[in-house]
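Only one structure is covered here, and it is reproduced in the block below.
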Amino acid sequence: MTFNVDEKRAKILDASGHCLVLGGPGSGKTTLALMKGIRRIEEGLKSGQSVLFLSFSRAAVGRIADALKNTECSAQVRASLAIQTFHSFFWYILRSHGYLLGAPHQLSILASHDEKAMAGGINSSSPDWAAWETERLALFKRDGRLAFDLFAPLTRELLSKATRLRQRISACYPLVIVDEAQDTSSEQWGCMKLLAEHSQIICLADLDQMIYDHLPGVGAQRVAEIRDALAPCEVDLGTDNNRSPGTEILHFARDVLNGQVRGAGYIGVSRHRFHPDAATRDMAIRQSVGIVRTRVRTQLGREPDNIAVLASYGKGVAIISAALRAPNPITHHVLFDEAVVLLSARFAAYLLEPKAASDRREQLAVSLDLLADTQRAKGTMTALASAKKFRKWAARTRAGSAPSVNMIAALNSLLDAIASTPLTGSPAKDWIRIKRDLRATPDALLRVVADHLDYLVAFNRGERISASLAEAWRTHSSYRGARLALDNALAQEQLLSSGEATGGIHVMNMHKAKGKQFDGVVLFRSQYSSPFVWRDDPAPYSRSRKLLHVAISRARVHVLVLEEAFPACDIVGSHVL
């Protein structure tokens, strides 16, 4: 890792108190923070101490870990740098000390997809949200089930009440580095402020990348609060460009952010327009990956390590993924709302579990309950009505009066098909077998479940799930407890994974791209499925411009704007690309 220690960077490296490092994308904030952490470790830590680097996403954790590999430091120094997400750090605290807040000693995680199913798919804008918040806290105190959104507020409550615990954590982590500090919620920032009493805090921030300020407790005031609370040594790395040197990608990103049109092209940025009919659009999506791959190869003399295809909405992500899957699949990873997919996976895991032939009524009822969960997670009126209907059918089935409906007939046939041929003990083969049996049913919903299972590979969840199922088979010579094995695998993935896969082609929305970087980026614009101007964002479209600025600046070598030929985009339409 090359690192130029100028005067302003030296101020941070030499500082003994709290620090605030500002700077644009690629300006070197992360590199400077790593150097600060390494220097602190080399100066000497006590036994059991580490430097803590906190970030929001597993992808960002993976990126930081990759950057650490390129530094010239010993294995002992690397081992003393703890790189975690906020969620994994807060879970580390709560699972040991949550009982101090009135919860049982044994805690378990209420996975996001389970919470979505239990809450009926509602979100914080729903009038029923306050009631769900009350129930969610009751679940924690009564049953020890902890929802992800409670990690930060409960940790803040615990740290504020338990002075000795706060001191012990600071003793373990004398230096804490906070990535993307501008996007911390009130509760996350409250935890950092409490630790700042005894730990040195280094905050990294970029106000131009604040794209979560629509969430409760996140806002532009955070940097001002950091200044007021910490009185930090502050440096601004400005627009230094270490991510995409030799290009004008960041210049283009800043012009989009500031609404400036310079009337000339940008090195490393291009445009490809397509007619909006579906067939032409899908062909253009596939071509865009090849175009970017060629541009990166020409620039670097090698194949790109990774390419991202970004959309504004989930609908756009689905369109891109479908275009890349057919007719000749282009392998890619997909990131989007996983709740329905993961609940579908739980149903598949149940199908793998051993079943007694005499217990068919309960098997049908459990299947209906699991399918009801997938529908409740969607949250739409139609899906909620289906969930209610499935629950009713499950109750009648358990009572011995199963209704004569096509769904139950299809489930009966499915269970018969699975029971007719022994499973192999190879999780990959048996998982494919379950998908094949689901697709062979006459029921449309069960066939959709099979489609959802395809996405587990795209989510990079397959390896950990396979290992967990293989362990169940080794223990029981069957997939007994497959649902629990699946849940444990997903919990480990969400909290303990060092990061998502970084290679290959990635499809995601622009919000999920934050904290990541790619050799090439395709920005997909479609008027209805992926507009660059967000709904309810009035001219001059400041929120939309900020998000697009983040998306553009993810690229190291090339950005391709892939957009409908008409109508023109109010943000990028007048740019020469």
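One gets this note's numbering by counting positions in the sequence shown from 1 and adding 225 to each.
The C-beta atom is built at its ideal place from N, Cα and C for all residues, glycine as well.
Output the distance between the C-alpha atoms of residue i and residue j, rounded to the nearest integer angstrom.
| i | j | result |
| --- | --- | --- |
| tyrosine 437 | lysine 739 | 10 Å |
| serine 755 | arginine 779 | 18 Å |
| leucine 636 | lysine 614 | 15 Å |
| serine 272 | alanine 665 | 59 Å |
| valine 443 | asparagine 631 | 48 Å |
| isoleucine 289 | leucine 593 | 43 Å |
| proline 457 | serine 703 | 58 Å |
| glycine 698 | arginine 623 | It should be pointed out that residue 698 corresponds to tryptophan in this sequence rather than to glycine. About 29 Å. |
| arginine 447 | leucine 362 | 26 Å |
| glycine 346 | valine 566 | 14 Å |
| arginine 506 | alanine 790 | 10 Å |
| alanine 342 | isoleucine 427 | 38 Å |
| glycine 625 | arginine 586 | 7 Å |
| serine 693 | cysteine 794 | 47 Å |
| valine 403 | leucine 429 | 6 Å |
| serine 723 | aspartate 408 | Only weak support exists for where serine 723 lies, its pLDDT of 45 falling under 50; the value from the coordinates is given anyway. For serine 723 and aspartate 408, the distance between alpha carbons rounds to 21 Å. |
| proline 441 | valine 732 | 27 Å |
| asparagine 467 | valine 230 | 14 Å |
| histidine 322 | valine 486 | 55 Å |
| arginine 672 | arginine 661 | 9 Å |
| tryptophan 414 | phenylalanine 311 | 11 Å |
| isoleucine 555 | glutamine 512 | 11 Å |
| serine 424 | leucine 455 | 11 Å |
| arginine 527 | histidine 558 | 21 Å |
| glutamine 309 | valine 276 | 11 Å |
| leucine 609 | leucine 595 | 13 Å |
| isoleucine 690 | glycine 728 | 20 Å |
| proline 765 | alanine 478 | 16 Å |
Under the assumption that residue i contacts residue j (Cβ atoms under 8 Å), give the Cβ distance between them as a whole number of angstroms.
| i | j | result |
| --- | --- | --- |
| phenylalanine 315 | alanine 377 | 6 Å |
| valine 481 | isoleucine 777 | 6 Å |
| glycine 188 | isoleucine 510 | Residue coverage of the chain in this structure runs from 226 to 802, which leaves residue 188 outside it and unanswerable. |
| alanine 570 | leucine 711 | 6 Å |
| leucine 270 | leucine 293 | Contact flag wrong, Cβ pair sits at about 16 Å. |
| valine 775 | glutamine 434 | 5 Å |
| alanine 602 | leucine 568 | 6 Å |
| alanine 653 | alanine 619 | Wrong, their Cβ atoms sit about 31 Å apart, outside the cutoff. |
| arginine 452 | leucine 247 | About 11 Å separates the two Cβ atoms, so there is no contact after all. |
| histidine 338 | glutamate 563 | 7 Å |
| arginine 393 | glutamate 578 | Not really, about 42 Å apart at Cβ, beyond 8 Å. |
Are the CB atoms of residue i and residue j nearer to each other than 8 Å?
| i | j | result |
| --- | --- | --- |
| threonine 380 | leucine 319 | yes |
| alanine 551 | isoleucine 545 | no |
| arginine 770 | isoleucine 796 | yes |
| lysine 366 | alanine 304 | no |
| alanine 707 | tyrosine 491 | no |
| valine 401 | lysine 236 | no |
| leucine 371 | leucine 326 | no |
| leucine 639 | leucine 663 | yes |
| glycine 539 | serine 751 | no |
| isoleucine 659 | alanine 573 | yes |
| serine 344 | leucine 715 | Reading off the sequence shown, one finds alanine at residue 344, where the question assumed serine. It is not a contact, given that the beta carbons lie outside the stated cut-off. |
| glycine 251 | glycine 463 | no |
| aspartate 655 | threonine 649 | yes |
| leucine 802 | arginine 520 | no |
| phenylalanine 278 | alanine 300 | no |
| glycine 253 | aspartate 465 | yes |
| valine 302 | glutamate 267 | yes |
| proline 399 | glutamine 524 | no |
| alanine 612 | alanine 627 | no |
| serine 411 | arginine 781 | no |
Sort out for me which residues DSSP pairs residue i with in a bridge.
| i | result |
| --- | --- |
| methionine 733 | Leu535 and Leu560 |
| alanine 780 | Phe743 |
| phenylalanine 499 | Glu789 |
| cysteine 458 | Cys244 |
| leucine 748 | Leu535 and Val786 |
| serine 755 | Ser751 |
| arginine 370 | Ser333 |
| phenylalanine 278 | Ile308 and Ile402 |
| cysteine 428 | Leu245 and Val403 |
| valine 494 | Val784 |
Chain D beta carbons: is any one of them nearer than 8 Å to that of residue i?
| i | result |
| --- | --- |
| leucine 802 | Looking for chain D here will not work: only one protein chain is present. |
For the ligand ADP, I want to know if residue i counts as a neighbour, meaning its beta carbon is within less than 7 Å of at least one of the ligand's heavy atoms.
| i | result |
| --- | --- |
| glycine 490 | Because no ligand of any kind appears in the structure shown, any question about the ligand ADP cannot be addressed here. |
Examine the Cβ distances between the region 781-799 and the region 516-535 and report whether three or more of them are shorter than 8 Å.
yes
Contact between the region 743-758 and the region 520-534: three or more CB pairs below 8 Å?
yes
Determine contact between the region 235-246 and the region 357-371, defined as no fewer than three beta-carbon pairs at a distance below 8 Å.
no
Count Cβ pairs between the region 384-391 and the region 407-427 that sit closer than 8 Å; are there 3 or more?
yes
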